[in-house]
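In my numbering, the protein residues as written are 66 to 652.
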């Protein structure tokens, strides 16, 4: 056989072997890129430890640098190159790339590059990756990537760490953890662990007051994830989806799903969706928690109708307004704001003209909606229009202008507040200074000193007491003791102790007990007793012992007699404090 022919036959299996190896390599790469670190898919064998990165790694080629990868516009290609670059990288290399990323030209996908790098970082050291991500301007997607990866490695540690994060970071971490591929029972247990560190008192007080439980953040998020799984299916009618939503047993999931299903229905048939809401019991309530952690209880019907009207108004405000006037019921004043806002967005002049045709009972709400919208577009014109409105409308809607004026100029906002109708002037000056204090305490105190009217200045100072105590109670007391004019000092000192006792009654008592006996101490103790006795009767009794005048003893004794008569029955103490009331009557 000729040599060339023998070599040709030997080459065939070698070529086949090379092709087979190449195909296997491509398949591995495709699977690796399709299931990147940190996805919801579980690791094949969670018991198998991840390989340690090699300490020494060759430098990437010029074509595979981070800068080169960042220049790739197409997502799949960019991420594939990034995964290749980060594969086997050490923690030091990841940190160096994250630092380098900050120096590269800004692109829409820069944050996504960081996300992929944080996934690798979390594989190496999730705690360090989290600390690094929290150092600067953290992005929720980074935290989600870290915790999704961490949960695959050690779900208990990831959950424990997430439960102690501050609210914004905790929300992102919870979003990732609650999407783990575990049973619903397991997810509920996980949500309970995430919520263990929430402010229990806030939720306990709400439940005691309203008789219903308020879902904590992780529980709310889990309800939303469960509701998302149950949304209208392909080919399912709106009516069937609606009836299915009403049949959900879990109230929190049902409330979310009812709202989403109604909004989906209203996108094509708002009249039908609004009519369907009649099947929801009018007394069914939904708990909502705002960003400021305030908890509210609202009618589910009213809330969902409001959302539908708001959505409808964006598409057809005339039709939405017609429905409100015809079928809006007792909540017309609430619903009418949505179409009026949309009219004002499209044409302020047209919206103002339309107000004349709105029934008088709804005109105040409608006017407020137009005023708010106009103020955000043209504050000066809104101020001019505001000056011509009735006092009742002004009193209801000054807050809209106040916030925008403060953003423009704190001093100008105070000047405006001092120029409004005298019937709302004091309240408005107080509100302006309170709002300024929230963002710039020194400026608020400086502006307070510029008020010439003593009565107005004292009223404004009294309003600031609560903010001052929240900032630093001891400093607040010193501020009150040195306030000018001196005639206002005693009133402010009493207000400081009242506010202080509601935040830290023990410290407030200690501070009060060191003061000289006299009218100010007596008045302060009386106000503190009425606030403290319900939570700490013994402390209330010690406060009573600080009072020297019979007049103020009688006032404090009234609170103690009532408490020991009904809340903590104690006949001996009732007799003891009752004599102070009798002595005062005898005088």
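No residue lacks a Cβ here, since even glycine has one placed at the ideal position from N, Cα and C.
query: If we call anything under 7 Å between Cβ atoms a contact, is residue 591 one with residue 628?; result: no
query: Once DSSP output is grouped into helix, strand and coil, what is the label at residue 99?; result: Its pLDDT being 36, under 50, residue 99 is placed unreliably by the model, and nothing is read from it.
query: Please classify residue 462: is it buried, with 16 or more other beta-carbons within 10 angstroms of its beta-carbon, or exposed?; result: buried
query: Could you give the distance in angstroms between the alpha-carbon of residue 222 and the alpha-carbon of residue 216?; result: 8 Å
query: Pull up the distance between the alpha-carbon of residue 414 and that of residue 480, whole angstroms please.; result: 28 Å
query: Strictly under 7 Å for the Cβ-Cβ distance: is residue 476 near chain C by that measure?; result: No chain C is present in this structure, which holds just one protein chain.
query: How many Å lie between residue 135 and residue 199 at the Cα?; result: 23 Å
query: I need the straight-line Cα distance from residue 85 to residue 146, nearest angstrom please.; result: Unreliable placement is indicated for residue 85, whose pLDDT of 40 sits below 50; no coordinate value is reported for it.
query: Mind checking who residue 364 pairs with in its DSSP beta bridge?; result: 350
query: Reducing DSSP to helix, strand and coil, say where residue 423 ends up.; result: coil
query: Judging by CA-CA distance, which residue of 551, 495, 550 and 477 is the nearest neighbour of residue 530?; result: 495
query: Which residues in the same chain have their Cβ closer than 7 Å to the Cβ of residue 597, if we skip the five residues on either side of it in sequence?; result: 566, 570, 604, 605 and 608
query: Tell me whether residue 548 is buried or exposed, calling it buried when 16 or more other Cβ atoms sit within 10 Å of its Cβ.; result: buried
query: I'd like to know whether the C-beta atoms of residue 585 and residue 564 end up nearer to each other than 7 Å.; result: no
query: Below 6 Å CB to CB, which residues in the same chain sit around residue 341 once its five sequence neighbours on both sides are set aside?; result: 307
query: Have a look at 539, 442 and 513 and flag the residue whose alpha-carbon is nearest the alpha-carbon of residue 572.; result: 539
query: Are the beta-carbon atoms of residue 553 and residue 523 separated by less than 7 Å?; result: yes
query: Taking the alpha-carbon positions, what's the residue 497 to residue 313 distance?; result: 46 Å
query: Mapping DSSP to helix, strand and coil, what is residue 624?; result: helix
query: Would DSSP call residue 202 helix, strand or coil?; result: coil
query: At which residue ranges does the segment 527-554 contain complete alpha helix (DSSP H) runs of 4 or more residues, listed in the order of the chain?; result: 538-546
query: Report the residue from 280, 288 and 277 whose alpha carbon sits nearest the alpha carbon of residue 252.; result: 288
query: Between 318, 325, 236 and 298, which lies nearest to residue 283 when the distance is taken from Cα to Cα?; result: 236
query: Give a yes or no on whether the C-beta atoms belonging to residue 211 and residue 183 are separated by under 7 Å.; result: yes
query: Would you identify the three-state DSSP class for residue 281, choosing helix, strand or coil?; result: coil
query: DSSP state of residue 483, grouped into three classes?; result: coil
query: Using the three-state DSSP reduction, which class does residue 433 fall into: helix, strand or coil?; result: helix
query: Starting from residue 391, trace the alpha helix (DSSP H) both ways and give me its first and last residue.; result: 382-392
query: Using CA atoms only, rank isn't needed, just tell me which of 299, 449, 612 and 255 is closest to residue 224.; result: 255
query: If residue 431 sits next to residue 469, beta carbons under 8 Å apart, how far is it from one beta carbon to the other, in whole angstroms?; result: Going by Cβ atoms, the distance from residue 431 to residue 469 rounds to 20 Å, so no, they are not a contact pair.
query: Given a threshold of 16 other Cβ atoms within 10 Å of its Cβ, counted over all protein chains shown, does residue 593 qualify as buried or as exposed?; result: buried
query: Which parts of the segment 289-354 are runs of the beta strand (DSSP E), unbroken and 3 residues or longer, counting only runs that do not cross its ends?; result: 350-354
query: Have a look at residue 386 and residue 422 and give me their C-alpha separation to the nearest angstrom.; result: 12 Å
query: Is residue 155 helix, strand or coil by DSSP?; result: coil
query: Quick one: is residue 583 buried, meaning 16 or more other Cβ sit within 10 Å of its Cβ, or exposed?; result: exposed
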